[in-house]
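**Q** Following this message is one structure expressed as structure tokens.
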Amino acid sequence: EYSFSPAAVAIDLESGESRVVDFRATRVAYNAMGSVTLHSGVPKEGVFVEARSETKGFYEEATTDNLGNFCLRGLLPDTTYLIRAVAKENLGAVAIERASPEYVAVNVGSEDIKCVDFVVFEQPKITILSGHVEGSDLDVLRPHLSVEIRSSNDPSKIQSVIPLPLSSYFEVRDLPKDSRSRLGKAGIHVGPLKYKTGEHHHKQ
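Each residue of the sequence shown is one higher than the one before, starting from 243 at the first, in our numbering.
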């Protein structure tokens with residue numbers, strides 16, 4: 243962050259002699275500091291933060307500490323950087339779904355930049371699967387119908403069984419995120435049924 247003039251000085255010292263050498267330090271780069279917290283206000287450690295200059299191609303990175311703080315070093319003057327909290331789970335950083343704000347644009351001048359703060363939302367760990375069953379004579383057959391959720395990797399493994407409600411709408415909670423499931427029907431054979439499904443993620 244500093245350059246020194248002169249860069250080096252060669253001196254010869256006789257026995258018992260001392261000399262004073264002066265260097266001039268010039269600030270050539272600056273820092274951007276801030277914090278990352280969850281929506282609850284709890285500091286988030288291990289979040290990857292980057293500063294990128296789209297026009298000049300400069301790039302710096304940092305990771306939040308146990309207090310959720312980060313310091314991006316080496317930002318060059320007269321340069322605009324976009325600072326983001328990003329998801330880089332493969333590099334050991336904490337996985338996040340999104341951050342607010344999405345980015346902060348800073349123009350580096352002649353001093354450090356402070357209070358670049360983000361609120362992050364973690365990737366949900368649980369999936370909720372919901373759907374609606376349609377078919378003929380459902381009112382008569384409903385007592386004999388249920389919805390089965392099976393693993394697509396092992397169809398013999400039943401993850402959940404739900405009796406078909408009066409509304410014909412069903413919801414299955416606590417499915418592991420990124421798991422693959424197969425939707426089926428159990429009970430008696432009633433011919434073709436139609437069902438619509440949807441899923442959304444829920445953070446416990």
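All residues carry an ideal CB built from backbone N, CA and C; glycine is no exception.
Taking one C-beta from the region 285–304 and one from the region 372–380 each time, how about it: are there three or more such pairs within less than 8 Å?
**A** Judged by Cβ distances under 8 Å, the region 285–304 makes no contact with the region 372–380, as fewer than three pairs qualify.
**Q** Anyone know if the C-beta pair for Val263 and Ser245 falls short of 9 Å?
**A** Counting from one through the sequence shown, the residue named residue 263 turns up at place 21. Counting from one through the sequence shown, the residue named residue 245 turns up at place 3. Contact flag unset, no.
**Q** In or out: Ala293 buried (at least 16 other Cβ within 10 Å) or exposed?
**A** Taking the first residue of the sequence shown as position 1, residue 293 is located at position 51. Result: buried.
**Q** Count Cβ pairs between the region 245–258 and the region 273–291 that sit closer than 8 Å; are there 3 or more?
**A** No, they do not touch.
**Q** Taking only runs that begin and end inside the region 292–334, name each unbroken beta strand (DSSP E) of 3 or more residues, in chain order.
**A** Segments of the beta strand (DSSP E) lying fully in the region 292–334: 301–305, 311–317 and 321–328.
**Q** Would you call the CB atoms of Ala327 and Ala347 closer than 9 Å?
**A** Translated into positions along the sequence shown, residue 327 becomes position 85. Translated into positions along the sequence shown, residue 347 becomes position 105. Not closer than 9 Å, so no.
**Q** What residue range is occupied by the uninterrupted beta strand (DSSP E) comprising Leu280?
**A** Within the sequence shown, the letter at position 38 stands for residue 280. First-last of the beta strand (DSSP E) with Leu280: Tyr272 to Leu280.
**Q** Can you tell me which of the three DSSP states Pro385 falls into?
**A** What you label residue 385 is simply residue 143 of the sequence shown in a count that begins at 1. Pro385: helix per DSSP, three-state reduction.
**Q** Rounding to the nearest angstrom, what Cα-Cα distance links Gln365 and Asp307 in this structure?
**A** As a first step, residue 365 is located in the sequence shown; it is residue number 123 there, counting from the start. As a first step, residue 307 is located in the sequence shown; it is residue number 65 there, counting from the start. The alpha-carbon atoms of Gln365 and Asp307 are separated by roughly 20 Å.
**Q** At which residues does the beta strand (DSSP E) containing Tyr244 begin and terminate?
**A** The residue labelled residue 244 in the question sits at position 2 within the sequence shown. Tyr244 -> beta strand (DSSP E) spans Tyr244 to Ser247.
**Q** Terminal residues of the continuous beta strand (DSSP E) containing Arg269?
**A** The residue labelled residue 269 in the question sits at position 27 within the sequence shown. Here the beta strand (DSSP E) through Arg269 covers Arg266 to Arg269.
**Q** Among the residues of its own chain, which have a CB less than 7 Å from the CB of Leu255, if the five just before and after it don't count?
**A** Residue mapping note: residue 255 aligns to position 13 of the sequence shown, counting from 1. Correct list, in chain order: Arg261.
**Q** Since I believe Ala274 is in contact with Ile211 (beta carbons under 8 Å), could you give me their beta-carbon distance rounded to a whole number of angstroms?
**A** The chain is shown only over 243 to 446; residue 211 falls outside these bounds and no answer can be derived.
**Q** Taking all protein chains shown into account, do 16 or more other C-beta atoms lie within 10 angstroms of the C-beta of Phe290, making it buried, or fewer, making it exposed?
**A** Residue mapping note: residue 290 aligns to position 48 of the sequence shown, counting from 1. By the neighbour-count rule (16 or more Cβ atoms within 10 Å), Phe290 is buried.
**Q** Select from Ser402, Val414, Pro397 and Cys357 the residue whose C-alpha is nearest the C-alpha of Ser277.
**A** As a first step, residue 277 is located in the sequence shown; it is residue number 35 there, counting from the start. Nearest C-alpha to Ser277: Cys357.
**Q** Is Leu371 helix, strand or coil by DSSP?
**A** One-based indexing of the sequence shown puts residue 371 at position 129. Strand, per DSSP.
**Q** With a 10 Å radius around its C-beta and 16 neighbouring C-beta atoms as the bar for buried, classify Leu408 as buried or exposed.
**A** Taking the sequence shown and counting its residues from 1, one reaches residue 408 at position 166. So Leu408 counts as exposed.
**Q** Please list, in chain order, all residues of the same chain as Tyr345 whose beta carbon is under 8 Å from its beta carbon, the five residues on each side excluded.
**A** For this step, residue 345 is matched to residue 103 along the sequence shown. Here the set comprises Leu324, Ile325 and Arg326.
**Q** Quick one: what's Pro405 bridged to in DSSP?
**A** In the sequence shown, counting from the first residue as 1, residue 405 sits at position 163. In the DSSP output, where bridge partners are listed per residue, Pro405 has Ser388.
**Q** Are Arg392 and Gln401 closer than 9 Å when you measure CB to CB?
**A** Mapped onto the sequence shown, residue 392 falls at position 150. Mapped onto the sequence shown, residue 401 falls at position 159. Against a cut-off of 9 Å, the Cβ pair of Gln401 and Arg392 comes out as a contact.
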